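**Q** Once you've had a glance at the structure underneath, I'll fire off some questions.
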Amino acid sequence: MRRSTFLSVGCLVVLLGLGATAAFTGLRAQEARPSDVTGNGTDGDVEPEEPWKLRRKIGQMILVGFLGDTRDHPGFKKVREQLQSGEITGVLYLGRNIRNRQSVSRMNSGLSDVPTGFAKPLLAIDQEGGKVQRLRARHGFPQTRSARRMARSVAPARASALYATLARNLSGWGFNLNLGPVVDLNANPRNPVIGRLDRAYSGDPQVVTRYAAAFVDGHRSNGVLTALKHFPGHGSSRNDSHTGFVDVSRTWSKGELEPFRRLISGDCAELVMSAHVHNSALQDPKETVPVSLSVSALSQVLRKELGYDGVIISDDLQMDAIRKTYGLKETVVGAVKAGTDILLFANDKHPDPDIPVKVADILEEAAESDPDLIAKIDAASERVLALKGRLAEPVEESRCLDGAEAE
């Protein structure tokens, strides 16, 4: 039986604790009507939603990278304050944040115990294995083989055990979200951001599905969330979306969608990360934006056609595929309208500690005249809180796909 990503509001309040009840009431999604936003309803006495409620909802949608590798660093203190004030939903660790095991554990401890009134923050990292591991051997962390090597060297059951060890370590150091697995097909082995880095398990959708499920199972069994990436497939690209606009319309094939379809139907999807690639094979002909800003790709294909009802997280919105083409307002409003639930700002090459306030200002202003945007924010914040609620559930042995082989 498929496990629903959503929890009822009542269950969420219990999971978050009685102390969170008042705060959650302010975040609870409501049916958005023009009168809810403008206060000019037909009954004449409807008040607009309080600004603090809207900003708290927006805060649940923002995940940021930060500067610093100790609890004493100003960058760490900044995100801790942002968590406490409800400006962000969590943080992403990059290589610059890693000094050693002790420092990582102390920082995560310092973030997880912030008295926010909400569920605990998302403490995220990219620890795929191979060349994409923020926790490196030189800092005293055990290493995991790359996706390509994993699929070539061990059976899925053994891979699940290895990923369980990885997740157990991540949980022990305080992380609760690993931004993997990569479910892109190795459609172009010379792809600069997937194929050449051995990040894809295989070019075969069935193989990718099995090993991605092993990744999810290993993590879920140890209380760590995962994110399938990069929807709807980045493996065929000839260019890197970190460095500029990428169009996969002529190289993408329908087979690249299959791992997402199978993993979603098999209850293996806790989050799905959207790619900064344009794909006219999936998108409305009138759209020129990347999938991460595309209503047709996210709301139509991912939500309706694939039946995904969980959290959609963007890839880093400061990557050059976005930053060089779109302004911040166009980016964040477009992403939320498309159906994005978590806006990721890694603060990597262009760090901006004040990005949460800027994003909240933009969305708050845009929502004043857009009830549909209010509805998107309501739904997104509720999905994120439901996801966080899963972190409070007892950890059980996981076998998504119902333990069956992918067909």
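Numbered per mature numbering (1 follows the signal peptide of the UniProt record, and there is no 0), the sequence shown spans residues -22 to -1, 1 to 385.
Even for Gly, the Cβ is constructed at its ideal location relative to N, Cα and C.
Being a predicted model, the structure only gives us computed values, none of them experimental.
Quick check: what's the CA-CA separation for L379 versus P167?
**A** C-alpha separation (whole angstroms): 28 Å.
**Q** Apply the 10 Å Cβ neighbour rule to R228 and answer buried if 16 or more other Cβ atoms are within range, or exposed otherwise.
**A** Exposed is the call here.
**Q** In the DSSP output, which residue or residues are listed as bridge partners for N156?
**A** Partner(s): I103, T204.
**Q** Keeping to the same chain, check which residues put their C-beta closer than 7 Å to that of E265; ignore five residues upstream and five downstream.
**A** Result list for E265: S272, S274, in chain order.
**Q** So V69 and L101 are in contact, right, with Cβ under 8 Å, and what is the actual spacing, rounded?
**A** Their Cβ separation, rounded to whole angstroms, is 6 Å, which keeps V69 and L101 in contact under 8 Å.
**Q** Locate the alpha helix (DSSP H) running through S292, then write down its first and last residues.
**A** No alpha helix (DSSP H) contains S292, which is instead part of the beta strand (DSSP E) from 289 to 292.
**Q** Looking at C-beta atoms only, is the number of pairs between the segment 201 to 219 and the segment 280 to 298 that lie closer than 8 Å three or more?
**A** Output reads yes: the segment 280 to 298 touches the segment 201 to 219.
**Q** Quick check: what's the CA-CA separation for G64 versus T94?
**A** About 7 Å.
**Q** Would A358 pass as a contact of V314 if the rule is Cβ separation under 9 Å?
**A** The answer is yes: Cβ separation under 9 Å.
**Q** Whole beta strand (DSSP E) runs in the segment 110 to 166 with 3 or more residues, listed along the chain?
**A** Within the segment 110 to 166, no complete beta strand (DSSP E) run reaches 3 residues.
**Q** Give the secondary structure of A275 by DSSP, where H, G and I count as helix, E and B as strand, and everything else as coil.
**A** Note: A275 maps to helix in three-state DSSP.
**Q** DSSP on G43, reduced to helix/strand/coil?
**A** In this structure, G43 counts as strand in the three-state DSSP scheme.
**Q** Let's test the definition: count the other Cβ atoms within 10 Å of the Cβ of F2 and tell me whether it reaches 16, buried, or not, exposed.
**A** Its pLDDT being 37, under 50, F2 is placed unreliably in this model, and the value from its coordinates should be taken loosely. It counts as buried.
**Q** Spatial neighbours of V151 within its chain, please: CB distance less than 7 Å, with the 5 preceding and 5 following residues excluded, ordered by chain position.
**A** This sequence places Trp at residue 151; Val is not what is there. Once the five neighbours on either side are set aside, the close Cβ partners of W151 are R79, V82, S83, N86.
**Q** Could you tell me how far apart the beta carbons of S124 and K109 are, in whole angstroms, since I believe they sit closer than 8 Å?
**A** The pair is a contact, with the Cβ atoms about 7 Å apart (cut-off 8 Å).
**Q** Could you check where the beta strand (DSSP E) with V69 kicks off and where it finishes?
**A** Start and end: 68 to 71.
**Q** Could you have a look at H256 and say whether DSSP puts it in helix, strand or coil?
**A** Strand, per DSSP.
**Q** Which same chain residues end up closer than 6 Å to Q38 when comparing Cβ atoms and leaving out the 5 residues on each side of it in sequence?
**A** Hits under 6 Å: T67, S359, V362.
**Q** Does the Cβ of A324 have 16 or more other Cβ atoms within 10 Å, making it buried, or fewer, making it exposed?
**A** Per the 10 Å Cβ criterion, buried.
**Q** Buried or exposed for E283, please, with buried defined as at least 16 other CB atoms from any protein chain shown within 10 angstroms of its CB.
**A** So E283 ends up on the exposed side.
**Q** Give me the Cα-Cα distance between R77 and P372, rounded to the nearest whole angstrom.
**A** Near 31 Å, if we compare the C-alpha coordinates of P372 and R77.
**Q** Exposed or buried, what is D262 when buried is set at 16 or more other beta-carbons lying within 10 Å of its beta-carbon?
**A** Exposed, because fewer than 16 other Cβ atoms sit within 10 Å of the Cβ of D262.
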